[in-house]
Amino acid sequence: MEIILTTDYADIFPGEDETVVSLLKDIPSPLLIQLISALNSELYIRDQGMPTQIKILDLLLKRQASDVKEKILTRVLSKVRKNEENLYFFSIMFNMNFLHYELTHFRDLPYDELSVDQELRVFKAYLRIAETTNDAYIKAMGTIPPYNNEYFRKTVWPTLIDQFELNKQLTPFPTLVRGAVFFNYLKNHSRYSKYAESYLQRHGKATALNYLFDIANLFVAGSNRSAEMSPDGLATFSTQSAPGFITLFEQFTLDREAYAKLYQNSKSNFSGIKSKPLYKLNDNNYLILHWGYLTNKMYEGLIFDFYQYSGIAEHHDFKAFTDFKRFLGESITERYLVRKLLTRMFSRKHQILKFDEKEIKGFPDAYFRRGNDVFLFEIKDAYFPASAINGYSYEKIKAAIDQKMNNETKGTGQFIKQLKSLTKQPFENPVRYKHLRNLNIYPVIIYADLIFDMPGVDQYLQDEFKAKVLANGLEKHYKKIKPLTFINLTFLIKNFDLLEENGTRLSDLIEHYNSEIVKRKKRSERTRDLIDHMRVYTSFEQIVSDMLPHTNLKRNYLDTCIKVLDLKEGLPV
């Protein structure tokens, strides 16, 4: 995790007091929406840290008089030297707040090329919006908390949570896999097949893969174009409609007037842009407002669209979207997708893999034993509540985590009940291990919502689980109860074929992660250095990445994925 320093309007233009409204009053919104889309493309697709910041700054100021540029750069360098950190002007969070402002304060003015004065005022307005954004975070943080085990969470979570999803780089293929499994299950393993067929017919697609690959190709084509240089030196950020894509573009394109009416008083975690990530520039060109939101249309965005457009919302089983989401989590993610992945992972002889068939009360979602190593899996396909994301409140964020992952009936509490049950009744019959006291227990939560990737969530749950284990005196029954491991479903999809191979077994990765965290904690306690303290909160996936191959060329991964998940099921032979 990198610490960055952002600048404010007052740092660069001290003594000036212009408002965003006055700065932008004569500047057409379409031009600024194009600019913001270009900045988002540059920062999402091609970000190289400080070189990218300098590149954008130079482009925005290139027409300014030399004395103006010199004055700005002098003040920038002064703050950099003072803080001894990299200084960031531009971020996707600032861009999205600027974009939200333009969509809700739209100025439909004639436009051609901006004047030099207007370009400077755009830069000033950007800094004003950045300043307002930072002020909201400062207000949310309140007073600096004492330096204890909650220090990191209290200072970082309220200011990070609503930008974490924006900046997180999504991997398209695992998202596409989830979308393919979603359609596959509905069409071939449920009583809702007609809705899947209706949705695909709406878009003129013969198969789910046709639909999903169209979105993937849209992303790839846009990414390839972003490697080209537009006249202003930024990555290109638009795409073009084509035959076969018309309904897709219509469904993904934002209605500016409807957006302004619905979100005038709240950005609502940018849900309007998340739902409609394209903006129609003219008859042939569409701006990509946020690349991650476009990728999301292959699964997270897809299920919202499916509920809205397929007709399934009229079915009595799904009177509310939450009913539909609960069905997806239990029937598809937990009992279909993850079961297939775990079955492939743990397929060797003399191993026990069992799933919860509701025959034994309190049985984990999945139970795996290899020798004396026992894995207890809980699968959580739950959304992080939007109210907590938008609340800038540590207490609300912590309460949301507890609600989803850390109470008597979910997450940590489920593991405690399972460990108690194991002391009375084995989870396998016949029992092929000798003594309970010889077992090493690995509790693992597999989660789906990337908001739970936020630094510190995993270690908070580890601490809570450990406290519960000690409070219930459970350690005496087992050889070792390992720290709780928190794994993103995307990581599992990307690496399931490796996690029972020598050197990259899941147990090897968990031991490496726990060992590394212990070392980092010791170093942080010794140095009391902020950078060392931040490194303690590196995610499981980041820490174990050096143990995994960085290429799929020798793995035959794609064929394995298609076979294990039955992605060809129902396709014409």
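Under our numbering, residues 123 to 695 are what the sequence shown spells out, in order. Cβ coordinates follow ideal geometry from the N, Cα and C atoms, glycine included.
Span of the alpha helix (DSSP H), counted from its first residue to its last, around residue i
i, result
"residue 180", "172-183"
"residue 371", "368-374"
"residue 508", "508-511"
"residue 315", "315-324"
"residue 590", "579-593"
"residue 519", "516-527"
"residue 219", "214-226"
Coil, strand or helix - residue i by DSSP
i, result
"residue 626", "coil"
"residue 609", "strand"
"residue 682", "helix"
"residue 533", "strand"
"residue 401", "strand"
"residue 573", "helix"
"residue 131", "helix"
"residue 602", "strand"
"residue 248", "helix"
"residue 233", "coil"
"residue 385", "helix"
"residue 307", "helix"
"residue 333", "helix"
"residue 555", "coil"
"residue 505", "coil"
"residue 358", "With a pLDDT of 49 at residue 358, under the threshold of 50, the predicted position of this residue should be treated as unreliable, and no value is reported."
"residue 243", "helix"
Cβ distance (whole Å) where residue i is taken to contact residue j below 8 Å
i, j, result
"residue 561", "residue 496", "5 Å"
"residue 419", "residue 511", "Not a contact, Cβ separation roughly 20 Å."
"residue 692", "residue 332", "With a Cβ gap of about 13 Å, residue 692 and residue 332 do not count as contacting."
"residue 317", "residue 423", "No, residue 317 and residue 423 are not in contact; Cβ-Cβ is about 17 Å, not under 8 Å."
"residue 574", "residue 485", "That pair is no contact at about 24 Å."
"residue 389", "residue 222", "5 Å"
"residue 559", "residue 599", "7 Å"
"residue 499", "residue 566", "5 Å"
"residue 489", "residue 549", "5 Å"
"residue 259", "residue 281", "4 Å"
"residue 110", "residue 190", "Outside the modelled stretch of the chain, which goes from 123 to 695, sits residue 110, for which no answer is possible."
"residue 569", "residue 537", "Actually they do not touch by this definition, with Cβ atoms about 14 Å apart."
N- and C-terminal bounds of the beta strand (DSSP E) containing residue i
i, result
"residue 569", "562-569"
"residue 418", "Here residue 418 belongs to no beta strand (DSSP E); instead the alpha helix (DSSP H) covers 413-418."
"residue 407", "407-410"
Other residues of its chain near residue i: CB distance less than 8 Å, five sequence neighbours each side excluded
i, result
"residue 150", "229, 230, 231, 232, 233"
"residue 466", "618, 619, 682, 686"
"residue 669", "625, 626, 630, 631, 634"
"residue 266", "277"
"residue 299", "615, 683, 687, 689"
"residue 341", "294, 413, 416, 417"
"residue 192", "none"
Contacts around residue i, its chain only, beta-carbon distance under 6 Å, and the 5 residues preceding and following it disregarded
i, result
"residue 124", "Note on residue 124: pLDDT 49, under 50, position unreliable in the model; the coordinate value appears next. Within the same chain, residue 124 has no close Cβ partners at all."
"residue 392", "218"
"residue 381", "225, 394"
"residue 130", "253"
"residue 543", "484"
"residue 443", "429"
"residue 459", "303"
"residue 586", "528, 534"
"residue 142", "247, 250"
Neighbourhood of residue i by C-beta, 7 Å cutoff - its chain only, sequence neighbours within 5 removed
i, result
"residue 621", "467, 627, 628"
"residue 67", "The question about residue 67 has no answer, for the chain in this structure spans 123 to 695."
Legend entry - Whole alpha helix (DSSP H) elements within the region 137-164, 4-residue minimum: 142-146
Inset, instruction - Jot down the residue ranges of each uninterrupted beta strand (DSSP E) in the region 417-503, minimum 3 residues, whole runs only, in chain order. - result: 474-477, 488-492, 495-502
Inset, instruction - Give, in chain order, every unbroken run of the alpha helix (DSSP H) that is at least 4 residues long and sits entirely within the region 626-661. - result: 628-649, 652-657
Legend entry - Within the region 258-302, ranges of the alpha helix (DSSP H) (whole runs, at least 4 residues): 273-289
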